[in-house]
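Participant:
Number of protein chains: 2
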Amino acid sequence: MHRIRLEPCERLFPGRYRLDPQQARHLVKVLRCYTGALVEGLEEGRRVILRLSVSNGVVEAKEVVDQEDLGGYASRVVLLVGLLKADQWDQVLRFSCELGVDQIVPVICERSVPRPDDWHRKVQRYRRILLESTRQCGALRPPTIGDLVSLRELDPSGLPELRLGAFLADGAVPIGEVVPCGDVALAVGPEGDWAPWEAEALIGMGFRPVSLGPRVLRASTAVAAAVSLVRLSSWGVER
Amino acid sequence: MHRIRLEPCERLFPGRYRLDPQQARHLVKVLRCYTGALVEGLEEGRRVILRLSVSNGVVEAKEVVDQEDLGGYASRVVLLVGLLKADQWDQVLRFSCELGVDQIVPVICERSVPRPDDWHRKVQRYRRILLESTRQCGALRPPTIGDLVSLRELDPSGLPELRLGAFLADGAVPIGEVVPCGDVALAVGPEGDWAPWEAEALIGMGFRPVSLGPRVLRASTAVAAAVSLVRLSSWGVER
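In order, the protein sequence lines correspond to chains A and B. -14 is the number of the first residue of the first sequence in the working numbering; add one for each residue after it. -14 is the number of the first residue of the second sequence in the working numbering; add one for each residue after it.
This is how it looks when you write it as structure tokens:
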């Protein structure tokens, strides 16, 4: 996260600042910060998080005080996702961070194209992508990402009780019918979907088959769609 | 769309076929078709659309009979979206097709990074991407994409009555509170969001500011999130 000094900034009112032209120019022109970006503000004995608002070269910054403003969601989303090719996988990581997944469980599937040989090297890169994404989206912490597992060895006991799996299956219910308010585990298969034994294993673990609409989504789009629906249908909504 | 001949296929029951090994192998090994892919089936005097189901090299195909199965949605979604850099823009096109946008209105924004010089050449490429995406996702037709417009020249009279704009603005309501069942126009800005005069122009056209959650989304993710919520919260749900 970029840092600014608060002393040269104009105090508009408590917790709100207009940045001096020098720091404003540096943030916008050099660091390419946009409205919504988070920066760390420092002054004698104090460290605060601020959200920027950029308009015509003028940069204002508002202190972010509670977890909600910092990108927090009240419930927990765990994503089981079949390992994908690099470009699709990187998208899954970014969507997860932006849209509010707390834990990514990468699943090596029968139909996963990439081979998991050098997972321990790769996962370091994935964690860097997730951390970088928190800076862009303002999440307080990145989703955790664990070791690759096969569905044969996955222990489901730590997963949230409500478990929804996106299957291309007859009998799947539209996800809009079962959309949750609380914690949820979501399972999205690799390109080409889960193999039949994998779909059965998921159903055995209590995953309910859900449909993400009448079209066939790429796996990364399916992640974005399922997590968006789970997060945005309840976020901020009075019930 | 790939084509198969139905004569050599085994008829399992009406409208359902098991493909002969030669055509099955060609679809899976050479054309890389997956479960869910659509193919055209031809036999003497008849042409049908079939959806594939692939498992352990065995390919079954089911006739797709109505518009719903072909990727149809009952309502109309129009997406106004700020022009983005190439990789983000291509994602927006694919999301639009997969998730069910009917019409894309590309908006040249004050903060759009790409210059629209050779739009007429580029739009040919965009239409090819959209068409290619219909083959992957099974949409009956691609979203239409019109000329680049500025919000100064946009005529909103043809847009659906319900208009929601994703703004990073105070006072935006959570999108989950206003999610529609019917036709809707969605507006998503470029990286760095709408300029203040653009946000005002949208509000003047009747766009209601909505929030897509506590985090700052990339523009392409915002498109996926907003369209997913609009489509999936009502699709297939009995009300």
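Where is the CB? At the ideal position from N, CA and C, for every residue including glycine.
According to DSSP, simplified to helix, strand and coil, what is V173/B?
Facilitator: strand
Participant: What number of angstroms, rounded off, separates the C-alpha of D54/A from the C-alpha of P199/B?
Facilitator: Low confidence applies to D54/A: its pLDDT is 46, below 50, so where it sits in the model is not reliable enough to give any reading.
Participant: Let me know the secondary structure DSSP gives L37/B once reduced to three states.
Facilitator: L37/B sits in a strand when the DSSP states are folded into three classes.
Participant: Whole-angstrom Cβ separation of V24/B and A46/B, contact assumed at under 8 Å?
Facilitator: 7 Å
Participant: Whose Cβ in chain A lies nearer than 9 Å to the Cβ of W220/B?
Facilitator: Near W220/B (Cβ distances below 9 Å), the residues of chain A are P159, I160, G161, S196, L197, G198 and P199.
Participant: With DSSP collapsed to three states, give me the class of Y19/A.
Facilitator: coil
Participant: Take R17/A as the anchor and find which of A172/B, G67/B and V98/B has the nearest alpha-carbon.
Facilitator: V98/B
Participant: Could you run through the region 178 to 192 of chain A and flag, in chain order, every residue whose CB is less than 8 Å away from some CB of chain B?
Facilitator: D178, A180 and P181
Participant: For C122/A and chain B, any beta-carbon pair shorter than 7 Å?
Facilitator: Yes, because at least one Cβ of chain B sits closer than 7 Å to the Cβ of C122/A.
Participant: Which runs of the alpha helix (DSSP H) at least 4 residues long sit entirely within the region 84 to 153 of chain B? Give them in chain order.
Facilitator: 104 to 122
Participant: Measuring straight from C-alpha to C-alpha, what distance separates Q52/B and R3/B?
Facilitator: Low confidence applies to Q52/B: its pLDDT is 46, below 50, so where it sits in the model is not reliable enough to give any reading.
Participant: Is it the case that the Cβ atoms of G174/B and G67/B are separated by a distance below 7 Å?
Facilitator: yes
Participant: Return the Cβ separation of A186/A and L136/A in integer angstroms, given the expectation that the two are a contact with Cβ distance under 8 Å.
Facilitator: Beta-carbon to beta-carbon, A186/A and L136/A are separated by about 4 Å, close enough to satisfy the 8 Å threshold.
Participant: Below 7 Å CB to CB, which residues in the same chain sit around K70/A once its five sequence neighbours on both sides are set aside?
Facilitator: V98 and P99, listed in sequence order.
Participant: Is it a yes or a no for the region 157 to 168 of chain B touching the region 131 to 147 of chain B, going by three-plus beta-carbon pairs under 8 Å?
Facilitator: yes
Participant: So which residues of chain A does L35/B contact, with C-beta pairs closer than 7 Å?
Facilitator: Ordered by position in chain A, no residue passes the 7 Å Cβ test against L35/B, which lies about 13 Å from the chain.
Participant: Taking the alpha-carbon positions, what's the V13/A to V39/A distance?
Facilitator: Straight-line Cα distance between these residues: approximately 8 Å.
Participant: Would V15/A be called buried (16 or more neighbouring beta carbons within 10 Å of its own) or exposed?
Facilitator: exposed
Participant: When you compare the region 122 to 131 of chain A with the region 195 to 215 of chain A, are there three or more beta-carbon pairs, one atom per stretch, that lie closer than 8 Å?
Facilitator: no
Participant: Under the assumption that G21/B contacts L37/B (Cβ atoms under 8 Å), give the Cβ distance between them as a whole number of angstroms.
Facilitator: L37/B and G21/B do touch by the CB rule: their CB atoms are close to 7 Å apart, below 8 Å.
Participant: For chain B, check one thing: does any of its Cβ atoms lie closer than 7 Å to the Cβ of L202/A?
Facilitator: yes
Participant: Classify L35/A: buried if its beta carbon has 16 or more other beta carbons within 10 angstroms, exposed otherwise.
Facilitator: buried
Participant: Listed from N- to C-terminal order along the chain, which residues in the region 206 to 217 of chain A have their beta-carbon within a distance smaller than 7 Å of any beta-carbon of chain B?
Facilitator: Hits within the stretch, in order: T206, A209, A210, S213, L214, R216 and L217.
Participant: Could you check what DSSP says for A186/A in three-state terms: helix, strand or coil?
Facilitator: Here DSSP, grouped into helix, strand and coil, assigns A186/A to helix.
Participant: Under 7 Å, Cβ to Cβ, is there at least one residue of chain B near G0/A?
Facilitator: no
Participant: Report the residues of the region 78 to 95 of chain B with a CB closer than 9 Å to any CB of chain A, ordered along the chain.
Facilitator: R79, F80, C82, E83, L84 and G85
Participant: Which of the three DSSP states, helix, strand or coil, is assigned to E(-5)/A?
Facilitator: strand
Participant: Would you identify the three-state DSSP class for P199/A, choosing helix, strand or coil?
Facilitator: coil
Participant: Under 7 Å between C-beta atoms, does E53/A make it to chain B?
Facilitator: The predicted position of E53/A is uncertain, since its pLDDT is 46 and thus under 50; no value can be drawn from it.
Participant: Can you name, in chain order, every residue of its own chain whose Cβ lies under 7 Å from the Cβ of E(-8)/B, other than the five neighbours on each side?
Facilitator: E28
Participant: Taking the C-alpha atoms as reference points, what is the distance between C82/A and E(-5)/B?
Facilitator: 47 Å
Participant: If you reduce the DSSP assignment to three classes, tell me which class E53/B lands in.
Facilitator: In this predicted model, E53/B has a pLDDT of only 46, less than 50, meaning its place in the structure is not dependable enough to derive any value.
Participant: Can you find a C-beta in chain A that's less than 7 Å from the C-beta of L153/B?
Facilitator: Closer than 7 Å to some Cβ of chain A, the Cβ of L153/B qualifies, so yes.
Participant: Measuring only the C-alpha atoms, how far is S219/B from R10/A?
Facilitator: The C-alpha of R10/A is placed about 45 Å away from the C-alpha of S219/B.
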